[in-house]
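Those sequence lines, one after another, are chains A and B.
Anchor point for the first sequence: position 312 equals 311 in numbering that gives the first Met the number 0, and the numbering is continuous, going up by one each time.
Anchor point for the second sequence: position 76 equals 75 in numbering that gives the first Met the number 0, and the numbering is continuous, going up by one each time.
From the three backbone atoms N, C-alpha and C, an ideal C-beta is built for every residue, glycine too.
One structure is given here, and the rest of the page talks about it.
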Amino acid sequence: MAIAAEDRAAAPAPPAPPPARTATGRGQMVVLTFVRSLVPVVLALLAGAVLLLVLGRSPVRFYSDVWRYGVELNNWQNSAVLMAPLLLMAAALVVVFRANIWNLGYDAQYLLGAVFVVGYGPWMFAHFPRPVAYAVLFVIAGLAGAIWTIVPALLRAYFGTNEIITTLMMSFIGIDVANILVKGPFQDPTVTIPQTKTIPYNDMLPNIPGTHIHVGFLVALGIVLVLHYLLTRTSFGLRLQVFGENPKAARHVGINVRRLIISSFLWSGFLIGVSAAVDILGLWSYVRSNWNPSYGNTVIPFVFLARLNLLAVIPFVAFYAVLSTGGDLATQAVSLPTDFLLVIVALILLFMTIIEFLGRRRELGQSYLTKGLREALRQPLVRRRRSP
Amino acid sequence: MADGALGAGMSPTDPGAPAVELVGISKQFPGVLANDDVHLAVRRGEVHCLLGENGAGKSTLISILSGMQRPDSGTILIDGEPARIRSPRDALKMGIGTVYQHSTLIPALSVLENLMLGESRRIVLDRGRARARMAEIAKMLGVEVDPDARTGDLALGRQQQVEIISALWKGSRVLVLDEPTSMLTPQGVEELEKVLVQLKQQGTAIIFITHKLHEALAVSDRITILRRGRAIGELSSEEIRSSTPEQNRATIVRLMFGDATDIGDAPELQTRIEDVEDLGARRLTIAAGDEEEPILELKSVSAPGDGLEPGIVDVSMKVRAGQILGVAGIDGNGQRALAETIAGQRRARTGSVELFGTPVNRLGVSARQKLGLRYVTDDRLGEGIVRNLSVSINLLLKRIGEQPFWRRGRIDARKVNAAALELVAEYDIRTPGIATRAGTLSGGNIQKLLLARELSLGPKVVVFNKPTYGLDLRTTENVREVIRRLTAEGAGAVLISTDLDELLELAGEIVVLSRGRLVGTVQNGRDAAERIGALMIGDGDSPGAVA
Ligand SMILES: Nc1ncnc2c1ncn2[C@@H]1O[C@H](COP(=O)(O)OP(=O)(O)OP(=O)(O)O)[C@@H](O)[C@H]1O
Ligand SMILES: [Mg+2]
Numbered sequence: 000m001a002i003a004a005e006d007r008a009a010a011p012a013p014p015a016p017p018p019a020r021t022a023t024g025r026g027q028m029v030v031l032t033f034v035r036s037l038v039p040v041v042l043a044l045l046a047g048a049v050l051l052l053v054l055g056r057s058p059v060r061f062y063s064d065v066w067r068y069g070v071e072l073n074n075w076q077n078s079a080v081l082m083a084p085l086l087l088m089a090a091a092l093v094v095v096f097r098a099n100i101w102n103l104g105y106d107a108q109y110l111l112g113a114v115f116v117v118g119y120g121p122w123m124f125a126h127f128p129r130p131v132a133y134a135v136l137f138v139i140a141g142l143a144g145a146i147w148t149i150v151p152a153l154l155r156a157y158f159g160t161n162e163i164i165t166t167l168m169m170s171f172i173g174i175d176v177a178n179i180l181v182k183g184p185f186q187d188p189t190v191t192i193p194q195t196k197t198i199p200y201n202d203m204l205p206n207i208p209g210t211h212i213h214v215g216f217l218v219a220l221g222i223v224l225v226l227h228y229l230l231t232r233t234s235f236g237l238r239l240q241v242f243g244e245n246p247k248a249a250r251h252v253g254i255n256v257r258r259l260i261i262s263s264f265l266w267s268g269f270l271i272g273v274s275a276a277v278d279i280l281g282l283w284s285y286v287r288s289n290w291n292p293s294y295g296n297t298v299i300p301f302v303f304l305a306r307l308n309l310l311a312v313i314p315f316v317a318f319y320a321v322l323s324t325g326g327d328l329a330t331q332a333v334s335l336p337t338d339f340l341l342v343i344v345a346l347i348l349l350f351m352t353i354i355e356f357l358g359r360r361r362e363l364g365q366s367y368l369t370k371g372l373r374e375a376l377r378q379p380l381v382r383r384r385r386s387p
Numbered sequence: 000m001a002d003g004a005l006g007a008g009m010s011p012t013d014p015g016a017p018a019v020e021l022v023g024i025s026k027q028f029p030g031v032l033a034n035d036d037v038h039l040a041v042r043r044g045e046v047h048c049l050l051g052e053n054g055a056g057k058s059t060l061i062s063i064l065s066g067m068q069r070p071d072s073g074t075i076l077i078d079g080e081p082a083r084i085r086s087p088r089d090a091l092k093m094g095i096g097t098v099y100q101h102s103t104l105i106p107a108l109s110v111l112e113n114l115m116l117g118e119s120r121r122i123v124l125d126r127g128r129a130r131a132r133m134a135e136i137a138k139m140l141g142v143e144v145d146p147d148a149r150t151g152d153l154a155l156g157r158q159q160q161v162e163i164i165s166a167l168w169k170g171s172r173v174l175v176l177d178e179p180t181s182m183l184t185p186q187g188v189e190e191l192e193k194v195l196v197q198l199k200q201q202g203t204a205i206i207f208i209t210h211k212l213h214e215a216l217a218v219s220d221r222i223t224i225l226r227r228g229r230a231i232g233e234l235s236s237e238e239i240r241s242s243t244p245e246q247n248r249a250t251i252v253r254l255m256f257g258d259a260t261d262i263g264d265a266p267e268l269q270t271r272i273e274d275v276e277d278l279g280a281r282r283l284t285i286a287a288g289d290e291e292e293p294i295l296e297l298k299s300v301s302a303p304g305d306g307l308e309p310g311i312v313d314v315s316m317k318v319r320a321g322q323i324l325g326v327a328g329i330d331g332n333g334q335r336a337l338a339e340t341i342a343g344q345r346r347a348r349t350g351s352v353e354l355f356g357t358p359v360n361r362l363g364v365s366a367r368q369k370l371g372l373r374y375v376t377d378d379r380l381g382e383g384i385v386r387n388l389s390v391s392i393n394l395l396l397k398r399i400g401e402q403p404f405w406r407r408g409r410i411d412a413r414k415v416n417a418a419a420l421e422l423v424a425e426y427d428i429r430t431p432g433i434a435t436r437a438g439t440l441s442g443g444n445i446q447k448l449l450l451a452r453e454l455s456l457g458p459k460v461v462v463f464n465k466p467t468y469g470l471d472l473r474t475t476e477n478v479r480e481v482i483r484r485l486t487a488e489g490a491g492a493v494l495i496s497t498d499l500d501e502l503l504e505l506a507g508e509i510v511v512l513s514r515g516r517l518v519g520t521v522q523n524g525r526d527a528a529e530r531i532g533a534l535m536i537g538d539g540d541s542p543g544a545v546a
């Protein structure tokens with residue numbers, strides 16, 4: 000059923016654009032995108048340097064210390080250990096953000112996963128061979144995280160309730176629940192401070208041979224790569240993206256929107272629980288009450304800088320891990336509180352926002368946000384003029 | 000339409016520098032030269048019409064004038080002086096107001112609030128002043144709009160007047176209207192014409208984009224024709240007036256589509272009543288096969304509305320194989336609810352929707368689609384496409400996860416691309432490539448994309464919701480041909496349209512929808528138009544009707 004065969008014959012095809020031109024167009028776009036991702040980081044580091052100067056510290060010394068303690072000798076291995084939970088947390092956030100869903104309950108989902116791992120860990124290792132125990136503990140932690148997303152997921156799927164509010168509320172409750180568990184059923188009776196029992200040293204995740212990086216790092220990396228594949232090459236990933244970009248289109252083309260919302264919530268919570276399992280079994284071995292590493296907050300800016308692309312997330316997370324690991328000692332060396340590192344992360348966020356704002360007015364490569372997220376952020380400031 | 004109402008005696012009295020002049024404007028998008036060294040001069044008190052096929056670059060040109068886009072090269076002169084227009088705000092300040100094709104009003108706010116949004120820079124809004132300004136502009140236009148009415152409650156024509164007032168808020172040097180009539184009732188079009196006359200007398204320069212030639216000829220003093228980004232022809236008011244309408248049409252069509260086009264027969268160009276009647280009669284004989292089982296049937300179906308848009312009440316209809324059932328009515332009388340209820344996007348509250356004799360009330364969109372049901376939506380940008388995804392993915396958007404394009408969940412990019420390339424060629428979708436983001440296509444090409452998606456792979460019943468609005472002459476003809484051929488091959492179609500000529504041209508039987516109810520059925524024939532009109536007015540003061 001050729002709609003316009005004759006017409007096409009009659010009207011000459013539009014002159015094909017010179018291919019070189021298109022290529023540069025696309026090349027430029029890639030370069031712009033790349034630049035736009037890196038510029039906030041570079042600016043934040045520069046601003047950090049200025050700040051150090053103002054405080055009377057040497058920025059050269061500080062940044063070379065960060066490098067020394069975060070990378071040189073065997074210090075990069077510490078950074079890699081920190082990357083493991085961060086990568087999984089980033090993956091969990093990408094899964095929901097791509098669907099334009101804000102799961103901001105990551106702290107509770109992480110802590111509940113962590114608490115259940117230390118709660119049941121010692122018993123599991125006492126009764127089962129290690130591989131079985133690891134597998135079961137990973138799943139338990141994942142389920143704990145996933146279950147904590149169910150209420151917001153159902154409310155959003157069936158009533159359209161704003162999940163920003165519900166996930167935050169659930170997070171407050173969940174953090175308290177985790178603390179109650181630490182001080183109650185999972186408390187170590189042999190010590191007076193409120194903390195859980197400790198996973199025996201021998202039962203911790205083994206290290207990659209020749210390093211002191213636990214295999215959880217590889218697990219995290221593997222999960223990120225598999226997930227990247229799932230999100231970019233499979234029908235699930237595409238449905239998620241369609242829904243995130245245009246929920247009305249998702250309904251129009253017959254995507255089961257409720258199922259999609261619920262499953263992306265569950266996946267996200269599950270991955271956050273797993274990140275806790277990796278972190279506890281690889282590094283911490285116990286949980287103290289009121290402990291909260293808040294990986295989600297630190298990782299969010301980088302997830303956006305990477306434009307929700309999991310491959311791009313890896314180098315950004317590596318960057319942060321080095322900054323954080325090396326910065327721990329580097330800040331001490333210049334006698335500043337470690338909070339200075341948070342200042343740098345905040346500066347990244349600030350510059351990102353500024354560039355996002357400018358980018359809307361000029362064509363500065365792609366936005367950090369998907370269209371849906373952008374609209375969500377813009378809603379309070381409804382603007383009159385839309386593109387024609 | 001009052002032909003020539005704007006014609007005589009309206010040429011500008013002082014022919015000084017044009018109010019606005021675009022000089023050598025070029026704009027390159029990846030793979031498309033959307034504007035190529037375009038020159039356009041619009042004088043005070045003159046209506047300048049831009050014509051061109053879908054994707055010719057009309058919207059791009061005016062978005063450069065209104066500050067939404069920046070040209071790669073070229074200058075804009077205002078009263079002969081070069082002007083820097085770098086944002087929509089700049090344009091507004093210079094008195095260049097634009098009414099975009101899609102409404103930018105917020106339905107839940109009052110008219111006055113909508114108008115004041117333009118001044119959102121101020122913290123404290125001055126209602127009194129805004130009210131005065133609104134009264135001033137309304138008087139100039141010769142219209143009456145209640146500033147405190149809820150915008151969404153107004154008829155579309157009224158809403159458009161509000162948009163015009165908003166565009167003129169900061170001054171009335173230039174008014175740009177991008178396809179302002181495509182969604183209006185005939186009365187709405189008449190009112191718009193009156194407003195244009197008023198504005199011309201005030202000395203406003205008007206740029207008017209349309210796909211309807213008779214409108215262009217009726218209102219414009221000058222016509223520029225764009226083709227593939229170039230301004231390839233201009234008709235001055237003298238030329239327009241010194242030739243017959245037929246000659247003008249022929250000239251314009253030749254310029255728009257190139258020489259070898261035999262579009263001259265399009266009914267849009269010459270409404271030949273006899274032909275339409277013949278067609279109607281032919282449809283009748285097809286529809287007469289009453290003993291045949293309907294392939295789509297609605298039995299007393301009611302479905303809820305959505306926000307301001309009404310639902311449907313107690314609707315019954317039958318569509319048989321090979322039949323086109325027309326649904327007439329003024330826009331906003333339940334058309335969308337009807338279409339979505341059939342498609343499965345909206346659940347019927349009562350009654351039953353049956354496909355091939357089996358109720359499908361409980362089935363969702365994709366299950367109904369597997370039975371052969373297709374829906375060509377009228378909300379092309381809102382739900383039809385995902386702007387940021389490629390043309391190829393958009394072409395297969397309703398088959399995500401299905402064989403052979405996805406195998407065990409994994410996309411087979413080669414199969415997807417091959418299918419997309421085929422559809423792009425078959426439906427003549429003008430795009431730099433299948434990897435281009437669908438949101439960058441021109442309006443007409445987006446519609447071709449939707450048609451290609453819905454009509455490929457064995458459609459059996461197709462619901463078309465306003466399938467040709469915003470399309471150029473040739474594409475409109477092609478779409479209608481596609482609908483005819485589809486039904487000739489044995490599929491059934493429900494054609495929802497606000498364009499009576501279109502219904503009379505295509506449908507055998509036409510039902511009239513008013514406030515969500517079917518108020519009558521008309522067999523296409525000699526006085527069908529009158530009878531449909533009577534039915535539409537009989538339940539008259541529906542939201543779309545202009546008093
Ligand atoms: N933002 C954009 N990015 C890339 N290409 C674009 C963009 N906007 C428009 N184009 C391309 O420029 C060409 C001209 O588009 P434009 O929207 O100006 O056409 P038009 O004449 O208004 O057509 P229609 O009558 O269908 O509305 C089209 O080929 C379109 O694909
Ligand atoms: Mg256009």
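*Mind listing which residues of the segment 243-270 of chain A have their C-beta closer than 8 Å to chain B's C-betas, in chain order?*
Listed by position, the residues of the segment 243-270 of chain A near chain B (Cβ gap below 8 Å) are 244, 245, 247, 248, 250, 251, 252, 253, 254, 255.
*Whose beta carbon lies closer than 5 Å to any heavy atom of ligand 1, going through the chain in order?*
28(B), 31(B), 33(B), 53(B), 54(B), 55(B), 56(B), 57(B), 58(B), 59(B), 439(B), 440(B), 441(B), 442(B), 443(B)
*Pick helix, strand or coil for residue 153(B), following the three-state DSSP scheme.*
As a position in the second sequence, residue 153(B) is number 154, starting the count at 1. Coil, per DSSP.
_Touch test, the segment 394-405 of chain B against the segment 215-231 of chain A, Cβ-Cβ under 8 Å, three pairs minimum_ = The segment 394-405 of chain B is not in contact with the segment 215-231 of chain A.
_Between residue 390(B) and chain A, is any beta-carbon pair separated by less than 8 Å?_
The residue labelled residue 390(B) in the question sits at position 391 within the second sequence. Answer no: the Cβ-Cβ gap between residue 390(B) and chain A never drops below 8 Å.
*From the beta carbon of residue 26(B), is the nearest beta carbon of chain A less than 8 Å away?*
The residue labelled residue 26(B) in the question sits at position 27 within the second sequence. Chain A, which has no Cβ nearer than 8 Å to the Cβ of residue 26(B), makes this no.
*Have a look at residue 353(B) and residue 178(B) and give me their C-alpha separation to the nearest angstrom.*
Indexing the second sequence from 1 puts residue 353(B) at position 354. Indexing the second sequence from 1 puts residue 178(B) at position 179. Cα to Cα, residue 353(B) sits roughly 38 Å from residue 178(B).
*Pick from 255(A), 167(A), 305(A), 250(A): whose alpha carbon is nearest that of residue 339(B)?*
Translated into the one-based positions of the second sequence, residue 339(B) becomes position 340. It is 250(A).
_Reduced DSSP secondary structure (H/G/I, E/B, other) of residue 144(B)_ = Taking the second sequence and counting its residues from 1, one reaches residue 144(B) at position 145. Residue 144(B): coil per DSSP, three-state reduction.
_Alpha carbon of residue 65(A) to alpha carbon of residue 292(A), nearest angstrom_ = Here residue 65(A) refers to the residue found at position 66 when the first sequence is read from its first residue. Here residue 292(A) refers to the residue found at position 293 when the first sequence is read from its first residue. Distance between the alpha carbons of residue 65(A) and residue 292(A) is about 20 Å.
*asked:* To the nearest angstrom, how far is the alpha carbon of residue 299(B) from that of residue 501(B)?
replied: Along the second sequence, read from residue 1 onward, the residue named residue 299(B) stands at position 300. Along the second sequence, read from residue 1 onward, the residue named residue 501(B) stands at position 502. Approximately 27 Å, taken between the alpha carbons.
*At least one CB of chain C closer than 8 Å to the CB of residue 232(A): is that the case?*
The chain inventory of the structure shown lacks chain C, comprising the protein chains A and B.
*residue 332(A) in three-state terms, based on DSSP*: Residue mapping note: residue 332(A) aligns to position 333 of the first sequence, counting from 1. In this structure, residue 332(A) counts as helix in the three-state DSSP scheme.
*Would you decide whether residue 213(A) is buried or exposed? Buried here means 16 or more other CB atoms lie within 10 Å of its CB.*
Working through the first sequence from its first residue, we reach residue 213(A) at position 214. By the neighbour-count rule (16 or more Cβ atoms within 10 Å), residue 213(A) is buried.
*Assign residue 268(B) to one of two classes, buried (16 or more other C-beta atoms within 10 Å of its C-beta) or exposed (fewer than that).*
Looking up residue 268(B) in the second sequence gives position 269. Residue placement at residue 268(B) cannot be trusted, given a pLDDT of 41 that sits under 50; what the coordinates show is reported in the next sentence. Result: buried.
*Residue-chain proximity (residue 382(B), chain A), Cβ-Cβ < 8 Å*: Position 383 of the second sequence, counting from 1, holds the residue named residue 382(B). For residue 382(B), the nearest CB of chain A lies under 8 Å from its own CB, placing it at the interface with that chain.
*Give the C-beta separation of residue 43(B) and residue 204(B) to the nearest angstrom, bearing in mind that I take them to be a contact with Cβ-Cβ under 8 Å.*
Here the question's residue 43(B) lines up with position 44 in the second sequence. Here the question's residue 204(B) lines up with position 205 in the second sequence. Yes, they are in contact, since the Cβ atoms of residue 43(B) and residue 204(B) sit about 6 Å apart, within 8 Å.
_Ignoring anything shorter than 4 residues, give me the alpha helix (DSSP H) runs that lie fully in the segment 251-313 of chain A, in order along the chain._
256-278, 294-304
*Looking at the C-beta of residue 226(A), does it have a partner C-beta in chain B at a distance below 8 Å?*
Against the first sequence, residue 226(A) aligns to sequence position 227. It does not: the Cβ of residue 226(A) has no partner Cβ on chain B nearer than 8 Å.
*Is the beta carbon of residue 327(A) within less than 7 Å of some heavy atom of ligand 2?*
The residue you call residue 327(A) lines up with position 328 of the first sequence. No, since every heavy atom of ligand 2 falls outside the 7 Å radius drawn around the Cβ of residue 327(A).
_Range covered by the alpha helix (DSSP H) that runs through residue 99(B)_ = Position 100 of the second sequence holds residue 99(B). Careful: residue 99(B) lies outside any alpha helix (DSSP H) and carries neither H nor E.
*Return the residues of the segment 395-417 of chain B that lie within a Cβ-Cβ distance of less than 7 Å from chain A, sorted by chain order.*
396, 397, 399, 400, 405, 408, 409, 410
*Over what stretch of residues does the alpha helix (DSSP H) that includes residue 238(B) continue unbroken?*
In the second sequence, counting from the first residue as 1, residue 238(B) sits at position 239. Its alpha helix (DSSP H) spans residues 236-241.
*Given that a residue counts as buried once 16 or more other Cβ atoms are within 10 Å of its Cβ, and exposed if not, what is residue 185(A)?*
Reading the first sequence from its first residue, position 186 is the one you call residue 185(A). Its Cβ being crowded by 16 or more others within 10 Å, residue 185(A) is buried.
_6 Å CB neighbourhood of residue 116(A) in its chain, flanking five on each side removed_ = Counting from 1 along the first sequence, the entry for residue 116(A) is found at position 117. Once the five neighbours on either side are set aside, the close Cβ partners of residue 116(A) are 136, 140, 276, 279.
*Endpoints, the beta strand (DSSP E) within which residue 38(B) is located*: What you label residue 38(B) is simply residue 39 of the second sequence in a count that begins at 1. Run containing residue 38(B): 31-41, per the beta strand (DSSP E) assignment.
*asked:* Quick check: the Cα distance between residue 54(A) and residue 338(A), rounded to an integer number of angstroms?
replied: Counted from its first residue, the first sequence places residue 54(A) at position 55. Counted from its first residue, the first sequence places residue 338(A) at position 339. Roughly 14 Å separates the two Cα atoms.
_Contacts that residue 334(B) makes with chain A (C-beta to C-beta distance below 8 Å)_ = As a working mapping, residue 334(B) is identified with position 335 in the second sequence. Within chain A, no residue comes near residue 334(B); the closest Cβ sits about 16 Å away, beyond 8 Å.
*Taking the alpha carbon of residue 440(B) as the point to measure from, which residue in 164(B), 37(B), 387(B) has its own alpha carbon closest?*
The residue you call residue 440(B) lines up with position 441 of the second sequence. Here the closest residue by C-alpha is 387(B).
*Quick one: is residue 241(A) near chain B, going by C-beta distance under 8 Å?*
Taking the first sequence and counting its residues from 1, the one referred to as residue 241(A) is at position 242. Yes, residue 241(A) lies at the interface with chain B (some Cβ there is under 8 Å from its Cβ).
_Could you check whether the segment 209-223 of chain A touches the segment 119-135 of chain A, counting it as contact only if at least three pairs of C-beta atoms, one from each stretch, sit closer than 8 Å?_
Touching, no.
_Beta-carbon spacing of residue 18(B), residue 218(B) below 8 Å_ = Within the second sequence, the letter at position 19 stands for residue 18(B). Within the second sequence, the letter at position 219 stands for residue 218(B). No, Cβ-Cβ distance for residue 18(B) and residue 218(B) is not below 8 Å.
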